[in-house]
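Line by line, the protein sequences give chains A and B.
At position 128 of the first sequence the residue is numbered 650 (our numbering), and the sequence of numbers has no breaks.
At position 85 of the second sequence the residue is numbered 649 (our numbering), and the sequence of numbers has no breaks.
C-beta atoms are modelled at their ideal positions from N, C-alpha and C, and glycine is treated no differently.
Notes for the one structure printed next.
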Amino acid sequence: MLKPLSLVLSTWVIAGSVLGPTTARAEQLEIVVEIPQLDVAEYHRPYVALWIEGADQKTATNLAVWYQMRSTAEGHGTKWLPDLRQWWRKSGRTLEVPIDGVTGATRPAGKHELKFDAQQPHLADLKPGQYTLVIEAAREVGGRELLKIPFTWPAKTPQSGKAQGKTELGTVTLSIKP
Amino acid sequence: MKRSLILAWALVAALPLTASAHKAWLLPSQTVLAGNDPWISVDAAVSNDLFYFNHVPLRLDNLVIIAPDGNQAEAQNGATGKYRSVFDLQLQQQGTYRLAIINSGLFANWQENGEPKRWRGTAANFASEVPANAEGLRVSESVGRIETFVTNGAPSDKALQPTGKGIELVPITHPNDLYAGETAQFRVLLDGKPAEGLEFEVVRGGTRYRDAQDELKVTSNAKGEISVTWPEPGMYWLETTSQDSQTSVPQAQQRRLSYVATLEVLPQ
Numbered sequence: 523m524l525k526p527l528s529l530v531l532s533t534w535v536i537a538g539s540v541l542g543p544t545t546a547r548a549e550q551l552e553i554v555v556e557i558p559q560l561d562v563a564e565y566h567r568p569y570v571a572l573w574i575e576g577a578d579q580k581t582a583t584n585l586a587v588w589y590q591m592r593s594t595a596e597g598h599g600t601k602w603l604p605d606l607r608q609w610w611r612k613s614g615r616t617l618e619v620p621i622d623g624v625t626g627a628t629r630p631a632g633k634h635e636l637k638f639d640a641q642q643p644h645l646a647d648l649k650p651g652q653y654t655l656v657i658e659a660a661r662e663v664g665g666r667e668l669l670k671i672p673f674t675w676p677a678k679t680p681q682s683g684k685a686q687g688k689t690e691l692g693t694v695t696l697s698i699k700p
Numbered sequence: 565m566k567r568s569l570i571l572a573w574a575l576v577a578a579l580p581l582t583a584s585a586h587k588a589w590l591l592p593s594q595t596v597l598a599g600n601d602p603w604i605s606v607d608a609a610v611s612n613d614l615f616y617f618n619h620v621p622l623r624l625d626n627l628v629i630i631a632p633d634g635n636q637a638e639a640q641n642g643a644t645g646k647y648r649s650v651f652d653l654q655l656q657q658q659g660t661y662r663l664a665i666i667n668s669g670l671f672a673n674w675q676e677n678g679e680p681k682r683w684r685g686t687a688a689n690f691a692s693e694v695p696a697n698a699e700g701l702r703v704s705e706s707v708g709r710i711e712t713f714v715t716n717g718a719p720s721d722k723a724l725q726p727t728g729k730g731i732e733l734v735p736i737t738h739p740n741d742l743y744a745g746e747t748a749q750f751r752v753l754l755d756g757k758p759a760e761g762l763e764f765e766v767v768r769g770g771t772r773y774r775d776a777q778d779e780l781k782v783t784s785n786a787k788g789e790i791s792v793t794w795p796e797p798g799m800y801w802l803e804t805t806s807q808d809s810q811t812s813v814p815q816a817q818q819r820r821l822s823y824v825a826t827l828e829v830l831p832q
C-alpha cells in the first residue's frame, strides 16, 4: 500500500523539479463519445457509463454515468441502472447515486466531449499503470453495447485510442496529453 | 378440498424419487433490482418444462421469505390458479432476499376397518393423530426446499445463513452474481454439515424451444462443494435429492430430502 504511493510521490517530485511545479501532474484525459442517431419508432436516450478499470479488471474510478434523473413514481430512473450490466456489477450496485461530478442527465445523439485533468478527483488517486477505459451504453427498448480502450497512466508522451461501436455507440476516442 | 391438498402435498413430497419427476420451481420476475420502490412478482409451479406453468401450481402455504436483515418478510397478493401460484414481494430493504417453499413433514398411510387412511403432519402431532397400533402403517418423512434469490442493490449474505435443516446451498459465489462463462461455487449442506457426493441436475429454462434438456450434472466433492460453469445466460433450475434414515419419529424408516434453486445467470 505504501510503496506505490511513495513511487508516485518520487516521480512527482522528480518531474516537478525538472519541469517546474506548473507542469506537474498536468495530464489531461479527453474523451469523445458519440451517441448515434438511430432511426427507430420509439427512441429513448441511452444510459451511458464511463469508467476506468485497472489490470485487475476492477473499477479504478468512475468518470461519468448518464441516466434519467427526472422524478418518476419508480424512482429517478434508477430502476434501470442495472441495465448497464457491467457497470452495475463492478461498482454501480454499491454506490449511492447521484454522485457529484459523475452522474448526470442522459444526452442526445451527437458527439460529447469529456475532459478530466489529473488533479480532478476522478483521476487524482490513479496510480501509474495499465488501464482500460470502458464505455457501456444501454437503451430502453433498444440494445446494449460495451467498448474498451486501453491506455497507460500517466502518459509520458501523448497517447490516443479509439473504439468503434456498432449499435448503441458510435466512435469513442481517448486522448491523453502529458 | 382437504384431500386434494394432501394429494398436492404428497405429489410435491414424492417428486424426487419418482422416475418421471416433475420439476417444482419458483420463478422471480427479475433477480437484480434497483430504484426507489422495487417489487418482484414470483410464479410458483410444478411442471415438466422449464419454466412453463402447465401442470399444477406450487402452493404457497409454506412460503418463507427472509429479508436482508435476517427477519421474515411478507409476500403480497398471493393467489393460486389452475397452473400456478403467484405472489408479489416489495423489496423494502437493500440487499439479498431468500424466498423458499419449505415442505417438511411426515406422511403416513394405513388400513382401518379395511379402509385406506392417509395422514400428513409433523412429528409433534404424530403420536396423537396416528393410532399406535395402525394396521399396515407406513410412514415416510420428507424435507424439501424450493428456493430462489433476489437482490435490491448490492448483494448481501445475512439472509443466506443456513437453517441447518435438510439440504441447503451456502454461497461461495453469491447467487445473484452469476454470469455466463464464469464458474460459480456453492457449498452443499445436509442438516448444516457439508455433504459429499450429492448429484445436482442443472437445466436452463426455455426447454420448449430446443430439442434436448441440455442438463449439466455436478456432484459435491469431499468438502461438499459444487462448481457450475454457466454455458450461457438464462434462468437455471438446479435440483438434488437424497435420502437417509435421520427421521424424527422411529416409525418412519426413511427421510427423503430434496433441494431446488432457481438461479439467474446474466450475460457478460
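Nearest neighbour of residue i, chosen from the options [CA to CA]
i, options, result
"tryptophan 801 of chain B", "B:Ser784, B:Ser809, B:Gln818, B:Gln777", "B:Gln777"
"alanine 640 of chain A", "A:Asp578, A:Leu585, A:Ala563", "A:Leu585"
"leucine 636 of chain A", "A:Pro558, A:Asp622, A:Glu667, A:Leu572", "A:Leu572"
"serine 706 of chain B", "B:Thr737, B:Leu670, B:Leu655", "B:Leu670"
"leucine 627 of chain B", "B:Glu693, B:Ala664, B:Ala598", "B:Ala664"
"alanine 643 of chain B", "B:Glu779, B:His619, B:Ala608, B:Lys781", "B:Ala608"
"leucine 696 of chain A", "A:Trp675, A:Glu690, A:Met591", "A:Trp675"
"phenylalanine 673 of chain A", "A:Gln559, A:Arg547, A:Ile574", "A:Ile574"
"phenylalanine 764 of chain B", "B:Lys757, B:Arg751, B:Arg772, B:Val694", "B:Arg751"
"glutamate 833 of chain B", "B:Pro795, B:Gly788, B:Leu780, B:Glu679", "Shown here, chain B extends from 565 to 832; a query on residue 833 of chain B therefore has no answer."
Beta-carbon proximity check, residue i vs residue j, cutoff 8 angstroms
i, j, result
"valine 606 of chain B", "phenylalanine 651 of chain B", "yes"
"histidine 566 of chain A", "valine 663 of chain A", "yes"
"alanine 685 of chain A", "isoleucine 671 of chain A", "yes"
"alanine 585 of chain B", "alanine 723 of chain B", "no"
"arginine 607 of chain A", "leucine 742 of chain B", "no"
"glutamate 552 of chain A", "proline 700 of chain A", "no"
"alanine 744 of chain B", "proline 797 of chain B", "yes"
"leucine 591 of chain B", "threonine 793 of chain B", "no"
"glutamate 760 of chain B", "asparagine 785 of chain B", "yes"
"asparagine 716 of chain B", "alanine 598 of chain B", "yes"
"isoleucine 666 of chain B", "arginine 623 of chain B", "no"
"threonine 783 of chain B", "leucine 762 of chain B", "yes"
"glutamine 590 of chain A", "threonine 628 of chain A", "yes"
Burial state of residue i, where buried means 16 or more other Cβ atoms lie within 10 Å
i, result
"histidine 644 of chain A", "buried"
"tyrosine 653 of chain A", "buried"
"isoleucine 621 of chain A", "exposed"
"isoleucine 736 of chain B", "exposed"
"lysine 587 of chain B", "buried"
"proline 680 of chain A", "exposed"
"glycine 700 of chain B", "exposed"
"serine 809 of chain B", "exposed"
"arginine 592 of chain A", "exposed"
"arginine 702 of chain B", "exposed"
Under 9 angstroms by beta carbon: chain A residues contacting residue i
i, result
"proline 831 of chain B", "Arg607, Arg666"
Contact belief for residue i with residue j at Cβ below 8 angstroms, rounded distance in angstroms
i, j, result
"arginine 682 of chain B", "asparagine 673 of chain B", "5 angstroms"
"threonine 727 of chain B", "serine 791 of chain B", "Between serine 791 of chain B and threonine 727 of chain B the Cβ distance is about 24 angstroms, and since that is not below 8 angstroms, they are no contact."
"histidine 634 of chain A", "valine 555 of chain A", "5 angstroms"
"leucine 648 of chain A", "glutamate 658 of chain A", "With 8 angstroms as the limit, leucine 648 of chain A and glutamate 658 of chain A do not qualify as a contact, their Cβ atoms being about 20 angstroms apart."
"threonine 805 of chain B", "serine 822 of chain B", "5 angstroms"
7 angstroms Cβ cut-off: residues of chain B touching residue i
i, result
"leucine 669 of chain A", "Here the premise fails: no neighbours, minimum Cβ distance about 14 angstroms."
"leucine 603 of chain A", "Ala598"
Chain-ordered neighbours of residue i on chain B, where CB pairs are closer than 9 angstroms
i, result
"threonine 616 of chain A", "Gly717, Ala718"
"threonine 600 of chain A", "Ala598, Gly599, Asn600"
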